[in-house]
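Numbering (the working numbering), first residue to last: 38 to 325.
Put into structure tokens, the structure is as follows:
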């Protein structure tokens, strides 16, 4: 993919959108009614957790001892991941994009927290690895959605390496066995539950450099914008320079029929074992 750019509008219908995503198209969609409601509710909880520290929530982490910030954010991440009200927020986002809830399942919302200077913390090193989400036991049909809670400059987000969708990257994804990973600590799925986990856990990573001539695609965004991409895309979080913290939400979505049939983006180098899909939440809420 040469001269890659973002597409600003989604095609009508889930099948057309999935086909575009599997083919490598990257979508930067503006904020929607559902994403604005989600951001408002997530920020309200964030303010409950940090508002006593600083009115500017992006500066609050720098005003707290590390263990106290970790404790507060661990509880908040668990709330966002497990709360049925936030599952409903996610269903609303998915329906807005044209998906049939009976056809999909999702890995719920994760609050991502990239602290200013966090790249200097050895326990957070895996956050900054270039990676594909498919290296973590997700199918090639995986779609990732990412939503910022604030307006962000390009240097505060993350980057894609678009040509690597069809180009192998040297990696050790064979070390990752999803079933073993959750067996030894299911809370790793939620994150921020154990301050030492980042030092003990082994995460897939590249074993060689990215081609310095490879295209790098970044972006700035507004609060509530929706970034959609295939989980097979190679991407990397930028280091957050200065004191301000970046907050965002992301989710993972699969079309169950595509996952069962092996449809999706090309697999050029993933050797991860196991499957996260059985632990996904079904799109249609339970009845009764």
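Where is the CB? At the ideal position from N, CA and C, for every residue including glycine.
Tell me the DSSP bridge mates of residue i?
| i | result |
| --- | --- |
| residue 158 | Beta-bridge pairing links residue 158 to no other residue. |
| residue 150 | 284 |
| residue 189 | 258 |
| residue 273 | 196 |
| residue 310 | 214 |
Tell me whether residue i is buried or exposed, calling it buried when 16 or more other Cβ atoms sit within 10 Å of its Cβ.
| i | result |
| --- | --- |
| residue 289 | buried |
| residue 206 | buried |
| residue 125 | exposed |
| residue 278 | exposed |
| residue 236 | At residue 236, the pLDDT of 48 sits below 50, so the modelled position is not reliable; the number obtained from the coordinates is stated separately. So residue 236 counts as exposed. |
| residue 55 | buried |
| residue 88 | exposed |
| residue 128 | buried |
| residue 193 | buried |
On a CA-only basis, which of the options is nearest residue i? Give me that one, please.
| i | options | result |
| --- | --- | --- |
| residue 217 | 186, 310 and 77 | 310 |
| residue 242 | 155, 47, 171 and 136 | 171 |
| residue 155 | 267, 213 and 103 | 103 |
| residue 250 | 119, 201, 282 and 296 | 201 |
| residue 188 | 314, 296, 94 and 299 | 94 |
Closer than 8 Å by C-beta to residue i: which residues in its own chain qualify, once you throw out the five before and the five after it? Chain order, please.
| i | result |
| --- | --- |
| residue 199 | 38, 41, 61, 63, 252, 254 and 270 |
| residue 140 | 51, 292, 293, 294 and 320 |
| residue 287 | 146, 147, 149, 181, 182, 183 and 184 |
| residue 135 | 47, 49, 50, 51 and 54 |
Below 7 Å CB to CB, which residues in the same chain sit around residue i once its five sequence neighbours on both sides are set aside?
| i | result |
| --- | --- |
| residue 327 | Lying outside 38 to 325, the shown extent of the chain, residue 327 is not represented and no answer is given. |
| residue 100 | 90 and 91 |
| residue 318 | 124, 142, 143 and 145 |
| residue 280 | 96, 99 and 153 |
| residue 106 | 98 |
| residue 282 | 95, 98, 150, 151, 152 and 153 |
| residue 208 | 172, 241, 242, 243, 244 and 306 |
Give the secondary structure of residue i by DSSP, where H, G and I count as helix, E and B as strand, and everything else as coil.
| i | result |
| --- | --- |
| residue 212 | helix |
| residue 292 | strand |
| residue 119 | helix |
| residue 90 | coil |
| residue 229 | Caution is warranted here: a pLDDT of 45 is assigned to residue 229, below 50, making its placement in the model unreliable, and no coordinate value can be reported. |
| residue 51 | helix |
| residue 319 | strand |
| residue 299 | coil |
| residue 44 | strand |
| residue 195 | strand |
| residue 246 | coil |
| residue 135 | coil |
| residue 267 | strand |
| residue 75 | helix |
| residue 98 | helix |
| residue 175 | coil |
| residue 67 | coil |
| residue 206 | coil |
| residue 57 | helix |
| residue 279 | coil |
| residue 253 | coil |
Does chain C have any CB closer than 9 Å to the CB of residue i?
| i | result |
| --- | --- |
| residue 284 | This model lacks chain C altogether; it includes just one protein chain. |
Looking only at its own chain, which residues have a Cβ that is under 6 Å from the Cβ of residue i, when we skip the five neighbours before and after it?
| i | result |
| --- | --- |
| residue 117 | 123, 146 and 148 |
| residue 272 | 195 and 197 |
| residue 265 | 64 and 182 |
| residue 210 | 172, 241, 307, 308 and 309 |
| residue 166 | 242 |
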